[in-house]
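Below is one structure, written out as structure tokens, with a few remarks after it.
Number of protein chains: 2
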Amino acid sequence: MKKTEKKRRELIEKLAAYLLANGLQQSSLRRLAAAIGTSDRMLLHYFTNKEDLMNAALSALATQLEDILTNTRAEPMPFEVLVPHLAAFVADPRIQPFTRLWLEITARASAGETTMTTVASEIMTSFYQWVSNNLRVEDPAFREPLAGLALATVEGCVLLEAVGGETKIKSAMAGLALLTKGTLSEPEQLG
Amino acid sequence: MKKTEKKRRELIEKLAAYLLANGLQQSSLRRLAAAIGTSDRMLLHYFTNKEDLMNAALSALATQLEDILTNTRAEPMPFEVLVPHLAAFVADPRIQPFTRLWLEITARASAGETTMTTVASEIMTSFYQWVSNNLRVEDPAFREPLAGLALATVEGCVLLEAVGGETKIKSAMAGLALLTKGTLSEPEQLG
DNA sequence: ATGATTGTGTAGCGGTTGCTACAAAAATTA
DNA sequence: TAATTTTTGTAGCAACCGCTACACAATCAT
Numbered sequence: 001m002k003k004t005e006k007k008r009r010e011l012i013e014k015l016a017a018y019l020l021a022n023g024l025q026q027s028s029l030r031r032l033a034a035a036i037g038t039s040d041r042m043l044l045h046y047f048t049n050k051e052d053l054m055n056a057a058l059s060a061l062a063t064q065l066e067d068i069l070t071n072t073r074a075e076p077m078p079f080e081v082l083v084p085h086l087a088a089f090v091a092d093p094r095i096q097p098f099t100r101l102w103l104e105i106t107a108r109a110s111a112g113e114t115t116m117t118t119v120a121s122e123i124m125t126s127f128y129q130w131v132s133n134n135l136r137v138e139d140p141a142f143r144e145p146l147a148g149l150a151l152a153t154v155e156g157c158v159l160l161e162a163v164g165g166e167t168k169i170k171s172a173m174a175g176l177a178l179l180t181k182g183t184l185s186e187p188e189q190l191g
Numbered sequence: 001m002k003k004t005e006k007k008r009r010e011l012i013e014k015l016a017a018y019l020l021a022n023g024l025q026q027s028s029l030r031r032l033a034a035a036i037g038t039s040d041r042m043l044l045h046y047f048t049n050k051e052d053l054m055n056a057a058l059s060a061l062a063t064q065l066e067d068i069l070t071n072t073r074a075e076p077m078p079f080e081v082l083v084p085h086l087a088a089f090v091a092d093p094r095i096q097p098f099t100r101l102w103l104e105i106t107a108r109a110s111a112g113e114t115t116m117t118t119v120a121s122e123i124m125t126s127f128y129q130w131v132s133n134n135l136r137v138e139d140p141a142f143r144e145p146l147a148g149l150a151l152a153t154v155e156g157c158v159l160l161e162a163v164g165g166e167t168k169i170k171s172a173m174a175g176l177a178l179l180t181k182g183t184l185s186e187p188e189q190l191g
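These protein sequences, in sequence, are chains A and B.
The numbering of the first sequence is the numbering used here, which starts it at 1 and goes up by one.
The numbering of the second sequence is the numbering used here, which starts it at 1 and goes up by one.
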């Protein structure tokens, strides 16, 4: 009834927090239960499966991220401002846990875990929407391709950062500055 | 002696092939052994650890990828040609297994597995070198930033593809064409 | 108060994990 | 040939995995 559902949501919230802090790998039922102050027996009372449980927790995290995004909305920016902004955003200590988890989810989705596939596309879609909404374009026809490019570039930064490629990220942002300098204002020969 | 070392390398080769085809997740000692026609007992005779074993196999895959890259070297291309070329390359059926494994390695590296961190930066470095070598620039000062940007963009495509975002990849490439149109040295290449 | 539903603890099942002890076979060396 | 070293098979350990059976307490509806 009501009580059960409330408890269930409380568990989901705690599970989500644990997964965000500790990742998907060390997340057996017993460990999860111990971390949030209950027992594996209880987890399987409130959830039919481990899969069901993970699904619930990860979906909660997806909407949690979605909330953060909608609350972080600033003024729409032109492409060459937006991308560095996003690159800094995903490296922000408050966002980085999501970023790390996002990588893990993606890898598992790519390996064929259907639960992860679902969550992954959910997250990707909302992130793309956010990027698109924060992008200022002169011609509406530019929105989709430029939002896509911004998304790809930032996702690339996520991956680079995961393997300690901060230097490469800086290079990339410098390259972006090179590329966009003059594109929107005046053409210029670069390389 | 010699025989032992030869057998070891043969095992490494088979292990690498298995990991490339099946990923890191379903790779217990028993399963690996069965897949390559030996026993877990034997694997632990030729390798001190599972970690040692994985390290050997993944390093072999890293150099394997490196070989593919050096043999795939074409004429250096300008940025706006190179990036779509790379995006197509990482989606090539012959490369995709490496791509998928690369994601998995990255995720684990990000989660703190030191073995994965080592292999990950090894792979990343060689891939960056390859990108840089295949990039044609007019001013040498542009090489590093543009290579970095190419790397980030392509890594982003890897991630997008993993979650079925082929549409987004196409958008991104279109966006790239928009950005570079008229900016770089080959104005009539794209349009 | 009683009967039914729901929440919780204990204990354990069958399976997998990385890894090891023991010993026999095979190859090498004397 | 005999002694020694290296390779391989069998068996199993202790820990963990997801999950379940069973019993009991708490709550709730009537």
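For each residue, glycine too, the CB sits at the ideal point set by N, CA and C.
Quick one: using the 10 Å Cβ neighbour count with 16 as the cut-off for buried, is residue i buried or exposed?
i: B/Pro93; result: exposed
i: B/Thr72; result: exposed
i: A/Arg41; result: exposed
i: A/Leu190; result: Because A/Leu190 sits at a pLDDT of 42, beneath the cut-off of 50, its placement in the model cannot be relied upon, and the point is left open.
i: B/Leu178; result: buried
i: B/Ser28; result: exposed
i: B/Asn134; result: buried
i: B/Arg108; result: buried
i: B/Glu104; result: buried
i: A/Gly165; result: buried
i: B/Arg30; result: exposed
i: A/Ala152; result: buried
i: B/Ala62; result: buried
i: B/Glu5; result: exposed
i: A/Glu186; result: The pLDDT assigned to A/Glu186 is 43, lower than 50, so where the model puts this residue is not dependable, and the model offers no usable value.
i: A/Thr70; result: exposed
i: B/Glu188; result: At B/Glu188, the pLDDT of 37 sits below 50, so the modelled position is not reliable; the number obtained from the coordinates is stated separately. By the neighbour-count rule (16 or more Cβ atoms within 10 Å), B/Glu188 is not buried but exposed.
i: A/Thr167; result: exposed
i: B/Thr99; result: buried
i: B/Thr180; result: buried
i: B/Thr48; result: exposed
i: A/Leu184; result: For A/Leu184, the predicted model reports a pLDDT of 40, less than 50, meaning its position is unreliable; a value from the coordinates is still stated below. With fewer than 16 other Cβ atoms within 10 Å, it is exposed.
i: B/Ile12; result: buried
Relative to the C-alpha of residue i, which residue among the options is closest?
i: B/Arg209; options: B/Leu159, B/Thr70 and B/Thr38; result: What the structure shows of chain B is the stretch from 1 to 191, and residue 209 of chain B is not part of that stretch, so it cannot be assessed.
i: A/Ala21; options: A/Ala87, A/Trp102 and A/Ala111; result: A/Trp102
i: B/Ala88; options: B/Leu160, B/Thr180, B/Lys181 and B/Glu13; result: B/Leu160
i: B/Thr114; options: A/Ala162, A/Leu29, A/Leu43 and A/Gln96; result: A/Ala162
i: A/Ile95; options: A/Leu82, A/Gln64, A/Thr118 and A/Asn49; result: A/Gln64
i: B/Ile36; options: B/Lys3, B/Leu15 and B/Thr180; result: B/Leu15
i: A/Glu10; options: A/Ala60, A/Ser121, A/Thr48 and A/Arg30; result: A/Ala60
i: A/Glu155; options: A/Met124, A/Arg30, A/Leu43 and A/Glu144; result: A/Met124
i: B/Ala120; options: B/Ala91, B/Ala111 and B/Thr106; result: B/Thr106
i: B/His85; options: B/Leu58, B/Trp130 and B/Asn49; result: B/Trp130
i: B/Ile68; options: B/Lys3, B/Pro97, B/Leu44 and B/Leu19; result: B/Pro97
i: B/Gly112; options: A/Gln25, A/Thr117, A/Glu13 and A/Lys2; result: A/Gln25
i: B/Leu82; options: B/Val158, B/Arg136, B/Lys2 and B/Ile12; result: B/Arg136
i: B/Ala34; options: B/Tyr18, B/Tyr46 and B/Gly23; result: B/Tyr18
i: B/Lys3; options: B/Tyr46, B/Glu13, B/Glu122 and B/Val158; result: B/Tyr46
i: A/Ala91; options: B/Val90, B/Ser110 and B/Gly23; result: B/Ser110
i: A/Glu66; options: A/Ser126, A/Val158 and A/Ser132; result: A/Ser126
i: B/Gly175; options: A/Val158, A/Cys157, A/Glu144 and A/Leu176; result: A/Glu144
Taking the alpha helix (DSSP H) that residue i falls in, what are its first and last residues?
i: A/Phe47; result: Taken as a continuous stretch (DSSP letters only), A/Phe47 belongs to no alpha helix (DSSP H), as it is neither H nor E.
i: B/Met124; result: Thr114 to Asn133
i: A/Arg31; result: Leu29 to Ala35
i: B/Asn2; result: Note that residue 2 of chain B is Lys in the sequence shown, not Asn. Note, B/Lys2: alpha helix (DSSP H), Lys2 to Asn22.
i: A/Gly148; result: Arg143 to Ala162
i: B/Ala111; result: Here B/Ala111 belongs to no alpha helix (DSSP H), and DSSP marks it neither H nor E.
i: A/Ser39; result: From DSSP, A/Ser39 is part of no alpha helix (DSSP H); its letter is neither H nor E.
i: B/Lys168; result: Glu166 to Thr180
List the residues that DSSP assigns as beta-bridge partners of residue i.
i: A/Pro78; result: A/Arg136
Do residue i and the ligand NAP come close, with the Cβ less than 6 Å from some heavy atom?
i: B/Leu179; result: With respect to small molecules bound, the structure shown includes none, and the ligand NAP cannot be examined in it.
Using a Cβ distance threshold of 8 Å, determine whether the stretch 47 to 54 of chain B contacts the stretch 134 to 149 of chain A, with at least three qualifying pairs required. no
Is the stretch 143 to 155 of chain A in contact with the stretch 158 to 176 of chain B, if contact means three or more CB pairs nearer than 8 Å? yes
Taking 8 Å as the threshold, find out whether the stretch 74 to 91 of chain A comes into contact with the stretch 71 to 90 of chain B through three or more Cβ pairs. no
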